[in-house]
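These notes are about the structure you will find just below.
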Amino acid sequence: MNNNFLSSRILIPYTLIENSRQLEACYEQLKDADWITFDTEFVGEKRFTTLICLIQLSSEEANFLIDPIRVEDLRPFFDLIEDPHILKITHAGENDYRLLYQQFNVLPKNVFDTQLAAGLLGYRYPSGLGKLVSAELNVQLKKGFAV
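Under the numbering used here, think of the first position of the sequence shown as 1179, with each following residue one higher.
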């Protein structure tokens, strides 16, 4: 496998989204995508409830980091992940789905979870994304390139 090809494909700049206007522009850019990936980061330690504090959203052409604490209206993001025509690719997304439902009453539709798929194909379950990419593509992912 040509690692240079893969390296050039993953170095897409990211856009930080901190308000509803920026999120609406993100939605307009992604609403016709065939697929998107998303991942959430959350804080649960020393809290009564778990709080989603970052949403990572990517397509073949763009990467977005959404600050769900600062963005007043997350509806454009919810519209993307609830759109059945867009494939949502996640890895170990069970906690993401649960938290999105608990906090916002939203569930993604048309989801492909690479961790579940790998388990069905005979890989050790659960397997981290980095290990799967290394095994299948002979590429070492840095932590920041996992979404």
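We treat Cβ as the ideally placed atom computed from N, Cα and C, and that holds for glycine.
Go ahead and pull the three-state DSSP assignment for residue i.
i: residue 1291; result: strand
i: residue 1247; result: coil
i: residue 1219; result: strand
i: residue 1315; result: helix
i: residue 1349; result: Residue coverage of the chain in this structure runs from 1179 to 1325, which leaves residue 1349 outside it and unanswerable.
i: residue 1273; result: helix
i: residue 1232; result: strand
I'd like to check one pair, residue j with residue i: are the Cβ atoms closer than 8 Å?
i: residue 1209; j: residue 1258; result: yes
State the start and end residues of the unbroken beta strand (DSSP E) segment that holds residue i.
i: residue 1266; result: 1265-1268
i: residue 1192; result: 1192-1195
Return the Cβ separation of residue i and residue j in integer angstroms, given the expectation that the two are a contact with Cβ distance under 8 Å.
i: residue 1236; j: residue 1215; result: 5 Å
Quick check on this structure: which residue in the options has the alpha carbon closest to the alpha carbon of residue i?
i: residue 1262; options: 1285, 1241, 1273; result: 1285
i: residue 1206; options: 1254, 1197, 1249, 1243; result: 1254
Residue range of the alpha helix (DSSP H) that residue i falls in?
i: residue 1262; result: Residue 1262 -> no alpha helix (DSSP H), and no H or E assigned at all.
i: residue 1208; result: 1198-1208
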